[in-house]
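Trainee:
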Amino acid sequence: MIRLRLVPRAQPSRAMLFVAPLLAIALTLLVGLLVFAWLGQNPLRAFRVFFVDPVSDMSGVSELFLKASPLCLIALGLAIGFRASIWNIGAEGQMYMGGIFATGLAIAFHDRGGAWLLPAMILAGAIGGMLWASITAALRAHFHANEILVSLMLTYVADYVVKYLVFGPWQDPQANNFPITVQFSDNALFPLLAQWGWEAFEGTRLNASVLITLAAIPLAWIFMERSFLGFQLLVSGLAPAAARYAGFAEKRMVWLALLVSGGAAGLAGVSEVAGPIGQLNDRWQPLYGFTAIIVAALGRLNAIGIALASLLMALLYLGGEAVQITLQLPKALSQVFQGLLLMFLLGCDVLVNYRIGRVPAAAL
Amino acid sequence: MLESVTPLAASAVALAMPLILAALGELVVERAGVLNLGLEGMMLLGALAAFATVAHGGGLVPAILAAAAAGILASLAFGFITLTLQANQVAAGLSLTILGAGVSAFVGRQYVGFRAPASFEDLPIPLLSKVPLLGPSLFSLNALGYATLALLAGTAWFLYRTRAGLALRSIGESPVVARSLGLHVSRVRYGAVAFGGAMAGIAGCYYAVAQFKMWQEGLTSGNGWIALALVVFATWRPLRVAFGALLFGGVSALGLYLQAIGVQVSTFALASLPYLATVAVLVAISADQQMIRRHAPASLGKPFHDDS
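If you read the sequences in order, they're chains A and B.
Mapping of the first sequence onto the numbering used here: position 34 corresponds to residue 524, and the numbering continues sequentially without gaps.
Mapping of the second sequence onto the numbering used here: position 136 corresponds to residue 144, and the numbering continues sequentially without gaps.
(1) Give me the Cβ distance between tyrosine 215 (chain B) and leucine 227 (chain B), rounded to the nearest whole Å; I'm assuming they're in contact under 8 Å.
(2) Can you grab the Cα-Cα spacing for the pair alanine 710 (chain A) / leucine 278 (chain B), in whole Å?
(3) Suppose only complete runs of 4+ residues qualify. What are the alpha helix (DSSP H) ranges in the stretch 200 to 287 of chain B, listed by chain order?
(4) Going along the chain, which residues of its own chain have a beta-carbon closer than 6 Å to the beta-carbon of alanine 733 (chain A), five neighbours each way excluded?
(5) Taking only three categories from DSSP, how would you classify valine 120 (chain B)?
(6) Closer than 8 Å by C-beta to alanine 569 (chain A): which residues in its own chain qualify, once you throw out the five before and the five after it? Chain order, please.
(7) At 8 Å on the CB atoms, spell out the chain A contacts of tyrosine 283 (chain B), in chain order.
(8) Quick one: what does DSSP say aspartate 662 (chain A) is sitting in, helix, strand or coil?
(9) What are the start and end residues of the beta strand (DSSP E) that includes isoleucine 8 (chain B)?
(10) Glycine 847 (chain A) lies in the beta strand (DSSP E); which residues open and close that run?
(11) List the residues of chain A that threonine 286 (chain B) touches, going by C-beta distances under 8 Å, in chain order.
(12) If distances are taken between C-alpha atoms only, which option among A:Leu723, A:Trp577, A:Met587 comes closest to tryptophan 622 (chain A)?
(13) Which residues in chain A have a C-beta closer than 7 Å to the C-beta of leucine 93 (chain B)? List them in chain order.
(14) I believe glycine 309 (chain B) touches alanine 208 (chain B) by the beta-carbon criterion, under 8 Å. Please report the beta-carbon distance rounded to the nearest angstrom.
(15) Could one say the Cβ of alanine 57 (chain B) lies closer than 7 Å to chain A's Cβ atoms, at least one of them?
(16) By the criterion of Cβ-Cβ separation under 9 Å, what are the contact partners of alanine 569 (chain A) in chain B?
(17) With valine 42 (chain B) as the anchor, note down where its alpha helix (DSSP H) starts and where it stops.
(18) Any beta carbon from chain B within less than 7 Å of glycine 765 (chain A)'s own beta carbon?
(19) Can you list the residues of chain B that leucine 507 (chain A) reaches, using a CB-CB cut of under 7 Å?
(20) Which of the residues in the stretch 225 to 240 of chain B, read from start to end, lie with their CB under 9 Å from any CB of chain A?
(21) Where DSSP assigns a beta bridge to arginine 495 (chain A), which residues make up the other side?
(22) Taking Cβ positions only, does glutamine 297 (chain B) come closer than 7 Å to chain A?
(23) Note down, in chain order, every chain A residue with its Cβ under 7 Å from the Cβ of alanine 2 (chain B).
(24) Going by beta carbon distance, what residues of the same chain come within less than 8 Å of leucine 777 (chain A), once the five residues before and after it are set aside?
(25) Using the beta-carbon of each residue, which ones in chain B are nearer than 7 Å to valine 826 (chain A)?
(26) Under three-state DSSP, which class holds aspartate 130 (chain B)?
(27) How should asparagine 636 (chain A) be labelled, buried or exposed, when 16 other C-beta atoms within 10 angstroms of its C-beta is the threshold for buried?
(28) Using a beta-carbon distance below 7 Å, is phenylalanine 537 (chain A) in contact with chain B?
(29) Does the CB of histidine 634 (chain A) have a neighbour CB from chain B at under 7 Å?
(30) Between which residues of its own chain and arginine 848 (chain A) is the CB-CB distance below 8 Å, once the five residues before and five after are set aside?
(31) Hey, does proline 681 (chain A) have any beta-carbon neighbour from chain B nearer than 7 Å?
(32) Taking CB distances under 7 Å as the criterion, tell me whether tryptophan 528 (chain A) reaches chain E.
(33) Keeping to the same chain, check which residues put their C-beta closer than 6 Å to that of arginine 630 (chain A); ignore five residues upstream and five downstream.
(34) With 7 Å as the threshold, decide whether the Cβ of proline 669 (chain A) is near any Cβ in chain B.
(35) Would you kindly work out how many angstroms separate the C-alpha atoms of phenylalanine 674 (chain A) and aspartate 601 (chain A), rounded to a whole number?
(36) For leucine 290 (chain B), would you say it is in contact with chain A, using Cβ-to-Cβ distances shorter than 7 Å as the test?
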């Protein structure tokens, strides 16, 4: 029998950094085929429904961008923290807060808004996300409370804040007790790209909020790869002792990581409530905040990688919706694939630092 | 006074039991130096396995076994990628949570709204259950509740009174030293991770078949994360886990109780109480870094390669 073992590489393999995500995607697709077959579906047909049909026309492609955009934005923010080993996993809650702050403005100025309203909402949303994240930052920086647990607990609380508002003070009086706010006025909505004369997007829901993400990608890249602050974050993640020795203030890193990721999540929240949803309601739980963790990991904490990974994750969302409609399979299938993908990726990552070798016969 | 406190204490104890189960399992895992953040996912899988078993007429004991098996299976997947393949434990735990939530929602879809045809009911112990206050709370548990108390005592005994427990704790402190003493680090860690999976699975069984007795998506509602916080709160000591869990059960029960006697508080504020309490408790315990550092397993969360 041949026994295998892991042999540490002298240096991390650069090739494997690119191969591992592809391998993980391939493994996930393979399991996907098996799952479809097990469910009694023709695997190839199910595959087409899940991965190809959703993006086979322009409206599908625009839906893909519409979902990828908030995922990418949140993941860019998270990646900055993850590089410093600061694990904000409460981006979902920070996104809700962004949505809440923007909604507050949209409701307050429902009839008297002007062109200034949307920019004000964008600002308010970013502040909302930052404020919610700053609770975690303060508790971690000054009381050493674990940021993973605190940020996650606050996500549950943020969810209840949304529910309190839409079942209570912010409920639309004309909604027959449905837990929804009023539909935002035009001043409080992102304009559709089609309205700006982008004919390719005629008839689609793609709106100007994607421009925020498009601007964020190069900014994040410059911050992470070319700025001294980005370097400090990376060092405090890879070698905390070295970072302390060099005098990088740990508290500052914690604040920076959480404010940036909270702000990005808040912006994603605005792009949702002032975008495809156009209101705040209790069913808005897209789980983008959690999926963005996978996006950040799959994109190798790199801005370009994250942009690509967000497209793939958005496709998983669309595929889940498509199999629900076409094949009557539960939408949760996309969450299964997401979890599998992250798990396979983490497993495949072993190849970056180790190679597989045989146990020498003498050792057996 | 006693009449109003008694039901409060009883529901506090009932709510504490699954938290104790999950947190005890995680405590053993962390004592071996491994951080498994996937509790919530393993609990959901356990809950699903248990519910599916009773829904198909399998009975209660098979339900427990199925839940434990589901938890073990999930935990071994986590063990393989973190212990064998050296993946980051934080990320691996998160992936397990996402996967568990996805699979339980996907497979559990067919049971949504179903009532469990069999469930764990309270088994009052004769005489003892008549003791004021303690009787209705501690001596009127269901079978899983009594099992929890036994597992609590058993885990404490194992960790502090057996050779194997000592070996496990020393691996958590320093795997290098432990290996030089001839201990099998990975093997013990796999064992601990599997134990944690079994306990989380049984905790899930508690929610599905003893507490809610019907299926709903995400029925553990973050209690896996609260259990993780409990381990820190307990500074990695079993009996304190039970104390912390009772405290949490008390906070949740108090919310329900206030509502029942007609106090005007928003349902949503009450529902947030356990999560806010978790944050408060984490802050209170973590502020004293000396205390945490003295008690946390020194190798917690750090990968260890057998050949290195």
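Even for Gly, the Cβ is constructed at its ideal location relative to N, Cα and C.
For clarity, every value in this text was computed on a predicted model and none was experimentally measured.
Mentor: Well, looking at it:
(1) 5 Å
(2) 39 Å
(3) 231 to 241, 246 to 268
(4) Val725, Ser726
(5) strand
(6) Ala710, Met714, Ala786, Gly789, Leu791, Asn792, Ala793, Ile796
(7) Met643, Leu644, Tyr646, Val647
(8) coil
(9) Residue 8 (chain B) lies beyond the residue range present for chain B, which begins at 9 and ends at 316; the question has no answer from this structure.
(10) 844 to 848
(11) Leu639, Met643
(12) A:Met587
(13) Gly837, Val840
(14) Contact doesn't hold; Cβ gap of about 18 Å is too wide.
(15) no
(16) In chain order: nothing, as chain B lies at least about 13 Å away.
(17) Counting along the chain, valine 42 (chain B) falls outside any alpha helix (DSSP H), and DSSP gives it neither H nor E.
(18) no
(19) What leucine 507 (chain A) touches in chain B: nothing, since even the nearest Cβ is about 15 Å away.
(20) Glu225, Ser229, Gly230, Trp233, Ile234, Leu236, Ala237, Val240
(21) A:Gly847
(22) yes
(23) Past the edges of chain B, shown from 9 to 316, lies residue 2 (chain B), and the structure says nothing about it.
(24) Glu582, Gln825
(25) Leu107, Gly110, Val111, Phe114
(26) strand
(27) buried
(28) no
(29) yes
(30) Ile492, Arg493, Leu494, Arg495
(31) no
(32) Given the protein chain composition of this structure (A and B), no chain E is represented.
(33) Glu637, Val744
(34) no
(35) 10 Å
(36) yes
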